[in-house]
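The sequence shown begins at 38 in the numbering used here and counts up one residue at a time. Backbone N, C-alpha and C fix where the C-beta goes; we use that ideal spot for every residue, glycine too. Every value quoted in this text rests on a predicted model; they were computed, and no experiment measured them.
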Amino acid sequence: GDHIYGHWLIDILPRAWMLKTFGPPNLTFVVPSKLPEFARIMLGTLGIHQDQIISYDEQTESLSAKQIILATNFRPGNFIHPALEFSKLAREIASGLPEQKDTEQEIKLFLTRSSLSNQSRSLLERHKVEEVFRAKGYKILAPETLSLSQQISYYSRASIIAAENGSALHNSIFASKNTIIFILQSRS
């Protein structure tokens, strides 16, 4: 799951955050060598810098250590453990990124998957659905085409977020607690 944005944000990053926040000082973090750039950026926002990271190829390398500290998963099944306060994690990520200067205060978003090459989920008549939302004043947004700072800026200003089921909705942790989330999914 370390290469899938939603799993990184919900499953893996909280463990790194917990270790950084409550673990002993001067920890070294071990990550796969093929860790995506978004993951490295997020680690940096938490104050985990490149000199604290060891990258390794899990296919060809073995690691040895005197001591290993592992953080447990905070998401058994589809529920998040209440001890993990995602609002604190989201604020820490956002504060570690360059601030975006935006003119629109409150916006309505429709998150599209139309530009993704991997269409494992299929919303029927996607282009028509997007046109309905556009006509209702929604900004059609493909989050993967934006920087993390830009994504957070949009999500944090959204009064409503409508989207197909998928990883783009994980960024709703950056939205206001009053933001309405509307999820669309075609029947299989």
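Requested in this report: Please report the residue range of the alpha helix (DSSP H) in which P51 lies.
Outcome: Counting along the chain, the alpha helix (DSSP H) containing P51 begins and ends at 50-59.
Query raised in the report: Excluding five sequence neighbours on each side, which residues of the same chain lie with their C-beta closer than 6 Å to the C-beta of I197?
Result: Counting only residues of its own chain and dropping the five nearest sequence neighbours on each side, I197 has a CB closer than 6 Å to the CB of K145, I217.
Requested in this report: Give the straight-line distance between the Cα atoms of L161 and A199, rounded to the nearest whole angstrom.
Outcome: Our two residues, L161 and A199, have alpha carbons roughly 15 Å apart in a direct line.
Report task. Could you spell out where the beta strand (DSSP E) holding K125 opens and where it closes? Result -> That residue, K125, is in no beta strand (DSSP E); its alpha helix (DSSP H) goes 123-132.
Requested in this report: Identify whether K176 lies in helix, strand or coil by the three-state DSSP scheme.
Outcome: The three-state reading of DSSP puts K176 in strand, counting E and B together.
**Report entry** I198 - DSSP class collapsed to helix/strand/coil
**Finding:** In this structure, I198 counts as strand in the three-state DSSP scheme.
Query raised in the report: What are the boundary residues of the alpha helix (DSSP H) that includes F147?
Result: Boundaries for F147: no alpha helix (DSSP H) harbours it, while the beta strand (DSSP E) harbouring it runs 144-148, taken from the DSSP string.
**Report entry** Same chain, Cβ closer than 7 Å to I85, neighbours up to 5 away in sequence not counted
**Finding:** Contacts found: A53, K57, F66.
Query raised in the report: In whole angstroms, what is the alpha-carbon distance linking L80 and Y192?
Result: Rounded to the nearest angstrom, the gap between the Cα atoms of L80 and Y192 is 20 Å.
Requested in this report: Specify the secondary structure class of A92 as computed by DSSP and reduced to three states.
Outcome: The sequence shown places Ser at residue 92, rather than the Ala named in the question. In this structure, S92 counts as strand in the three-state DSSP scheme.
Report task. Since I believe Y93 is in contact with L100 (beta carbons under 8 Å), could you give me their beta-carbon distance rounded to a whole number of angstroms? Result -> The distance from the Cβ of L100 to that of Y93 is about 6 Å, consistent with a contact at the 8 Å cut-off.
Query raised in the report: Whose C-beta lies closer than 6 Å to the C-beta of L46 among residues of the same chain, with five residues either side of it excluded?
Result: Residues H207 of the same chain have their beta carbon placed closer than 6 Å to that of L46, with the five preceding and five following residues left out of the count.
Requested in this report: Whole angstroms is fine: what's the gap from E74's alpha carbon to L178's?
Outcome: Using only the alpha carbons, I get a separation of about 21 Å.
Report task. Identify the continuous alpha helix (DSSP H) that holds I78 and give its terminal residues. Result -> It spans 74-82 - the alpha helix (DSSP H) in which I78 sits, taken as one unbroken run.
Query - Q104 versus I90 - alpha carbon distance - result: One C-alpha to the other measures close to 16 Å.
Requested in this report: Within the same chain, show all residues whose beta-carbon is closer than 6 Å to that of F219, passing over the 5 residues directly before and after it, in chain order.
Outcome: For F219, where only same-chain residues beyond five positions count, the Cβ hits under 6 Å are A199.
Query raised in the report: Using a Cβ-Cβ cut-off of 8 Å (strictly less than) and excluding sequence neighbours within five positions of L221, which residues of its own chain qualify?
Result: If we look at L221 and ignore the five residues flanking it on each side, its Cβ neighbours are L160, V166, A199, A200, E201, N202.
**Report entry** Reference A172; option with closest CA among R194, E95, N63, F147
**Finding:** The shortest Cα separation from A172 among R194, E95, N63, F147 belongs to F147.
Query - Element boundaries [beta strand (DSSP E), containing K69] - result: According to the sequence as given, residue 69 is Pro; it is not Lys. That run of the beta strand (DSSP E) goes 66-69.
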